[in-house]
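Colleague: Numbering (the numbering used here), first residue to last: 1 to 267. Glycine included, every Cβ here is placed at the ideal spot set by N, Cα and C. I have a structure here, written as structure tokens, and I will follow up with some questions on it.
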Ligand code: BTN
């Protein structure tokens with residue numbers, strides 16, 4: 001097997017030959033693939049269009065954080081998805097869709113045991129290995145596109161030191177113990193995503209997500225900006241993608257996606 005430490009347009013196209021991606025834009029270096037995909041979406045990008053970069057200089061994370069993508073070390077890409085009418089009422093499920101697809105790819109390709117820290121960070125060995133930023137573009141109150149941006153730490157040089165992040169990070173190769181081919185991982189992820197998407201609004205998708213939910217049954221703290229943190233044990237997710245927490249007095253609390261941070265209770 002040949003490992004892709006470098007990446008170029010031809011290698012990318014060859015890796016995705018059996019994946020239903022209608023159009024691809026590849027950049028050796030770009031500000032943010034999400035920004036490019038949002039511009040392309042405004043310009044008529046088709047459903048499933050892919051923007052991929054080897055390096056990002058202005059990568060963005062959730063809650064206005066920076067996301068650093070060094071060349072040769074990570075996956076950084078954004079998909080333009082055109083929501084169907086039923087999907088457009090559940091846009092918050094697109095980022096868990098990315099997390100479920102990446103988790104499945106990590107199992108299939110490398111036999112790893114990923115978990116999804118609600119709502120959508122992918123963990124290996126309880127450390128973050130991937131982040132997802134879904135952004136929508138709207139015409140009035142009708143969503144025209146969801147840009148699903150996914151960043152995966154593949155090689156150790158992608159991993160930020162613990163004192164630079166809110167949640168400790170890791171990478172695929174640390175968990176796998178061997179080199180991992182970025183393009184092979186990308187192809188598996190996209191195949192999985194396009195297979196799960198038709199089931200996005202079904203109980204099957206929620207079960208698939210819950211089966212990978214991090215800290216299930218464990219005590220966690222949910223910090224919400226400007227409010228008292230919530231404490232409870234992770235009990236699951238509901239059909240809207242909300243987190244369900246079981247409190248010490250057996251109440252179920254529903255936590256909506258937003259300005260929230262979930263952590264294990266002991267940290
Ligand atoms: C997070 O965990 O805060 C989300 C990180 C999302 C990073 C990806 S990398 C590809 C895409 N382009 C961006 O600028 N951000 C997303």
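Within 10 angstroms of its Cβ, does residue 158 collect 16 or more other Cβ (buried), or is it exposed?
Modeller: Reading the chain shown from its first residue, position 158 is the one you call residue 158. When all chains shown are included, residue 158 counts as buried.
Colleague: Would you check if the distance between the CB atom of residue 117 and the CB atom of residue 124 is smaller than 9 Å?
Modeller: Numbered from its first residue, the chain shown carries residue 117 at position 117. Numbered from its first residue, the chain shown carries residue 124 at position 124. It is not a contact, given that the beta carbons lie outside the stated cut-off.
Colleague: Please give the ranges of any beta strand (DSSP E) in the segment 178–230, keeping only runs that are unbroken, at least 3 residues long and fully inside the region.
Modeller: The segment 178–230 contains these whole beta strand (DSSP E) runs: 219–224.
Colleague: Rounded to whole angstroms, how far is the Cβ of residue 73 from the Cβ of residue 102, which I believe are closer than 8 Å?
Modeller: For this step, residue 73 is matched to residue 73 along the chain shown. For this step, residue 102 is matched to residue 102 along the chain shown. Actually they do not touch by this definition, with Cβ atoms about 16 Å apart.
Colleague: Give me the Cα-Cα distance between residue 221 and residue 79, rounded to the nearest whole angstrom.
Modeller: Indexing the chain shown from 1 puts residue 221 at position 221. Indexing the chain shown from 1 puts residue 79 at position 79. Taking the straight line joining both Cα atoms gives about 32 Å.
Colleague: Looking at C-alpha atoms only, which residue of 155, 212, 50, 32 is the closest neighbour of residue 187?
Modeller: For this step, residue 187 is matched to residue 187 along the chain shown. The residue with the shortest Cα to Cα distance from residue 187 is 50.
Colleague: Using 8 Å as the cut-off, classify the Cβ of residue 193 as near or not near the heavy atoms of ligand 1, replying yes or no.
Modeller: Taking the chain shown and counting its residues from 1, one reaches residue 193 at position 193. Answer for residue 193: no, Cβ out of range of ligand 1.
Colleague: Do you know how far the Cα of residue 242 is from the Cα of residue 4?
Modeller: Along the chain shown, read from residue 1 onward, the residue named residue 4 stands at position 4. Along the chain shown, read from residue 1 onward, the residue named residue 242 stands at position 242. Since pLDDT at residue 4 reaches only 48, below the 50 mark, its modelled position is unreliable, and no value is offered.
Colleague: Which two residues bound the contiguous alpha helix (DSSP H) that contains residue 272?
Modeller: Absent from the structure is residue 272, since the part of the chain shown begins at 1 and ends at 267.
Colleague: Decide if residue 42 is buried, meaning its Cβ has at least 16 other Cβ atoms within 10 Å, or exposed.
Modeller: The residue you call residue 42 lines up with position 42 of the chain shown. With fewer than 16 Cβ atoms within 10 Å of its Cβ, residue 42 is classed as exposed.
Colleague: Under 8 Å by Cβ, that's how I've got residue 33 and residue 149 pegged, so tell me the actual separation to the nearest angstrom.
Modeller: By one-based count along the chain shown, residue 33 stands at place 33. By one-based count along the chain shown, residue 149 stands at place 149. Residue 33 to residue 149, Cβ: 6 Å. Contact.
Colleague: Which value, in whole angstroms, describes the spacing of the CA atoms of residue 236 and residue 114?
Modeller: For the purposes of this step, residue 236 is identified with residue 236 of the chain shown, where counting begins at 1. For the purposes of this step, residue 114 is identified with residue 114 of the chain shown, where counting begins at 1. One C-alpha to the other measures close to 16 Å.
Colleague: With DSSP run on the structure shown, which of helix, strand or coil describes residue 266?
Modeller: Taking the chain shown and counting its residues from 1, one reaches residue 266 at position 266. Residue 266 falls in the coil class under three-state DSSP.
Colleague: Return the residue from the list 139, 266, 234, 227 that minimises the CA-CA distance to residue 251.
Modeller: Residue mapping note: residue 251 aligns to position 251 of the chain shown, counting from 1. Selected option, being the one with the closest Cα: 234.
Colleague: Can you find the residues in the same chain that come closer than 7 Å, C-beta to C-beta, to residue 171, ignoring five residues on each side of it along the sequence?
Modeller: Position 171 of the chain shown, counting from 1, holds the residue named residue 171. Within the same chain, residue 171 has close Cβ partners 129, 153, 154, 155, 156, 158, 159.
Colleague: Exposed or buried, residue 54, counting other C-beta atoms within 10 Å across all chains shown (16 or more means buried)?
Modeller: Mapped onto the chain shown, residue 54 falls at position 54. The residue in question, residue 54, is buried, as its Cβ has 16 or more Cβ neighbours within 10 Å.
Colleague: Which full runs of the alpha helix (DSSP H) of 4+ residues lie inside the segment 98–153, going along the chain?
Modeller: List check, alpha helix (DSSP H) in window: nothing returned.
Colleague: Is residue 121 near ligand 1 - that is, is its Cβ less than 8 Å away from at least one heavy atom of it?
Modeller: Counted from its first residue, the chain shown places residue 121 at position 121. Checking every heavy atom of ligand 1 against the Cβ of residue 121, one is found closer than 8 Å.
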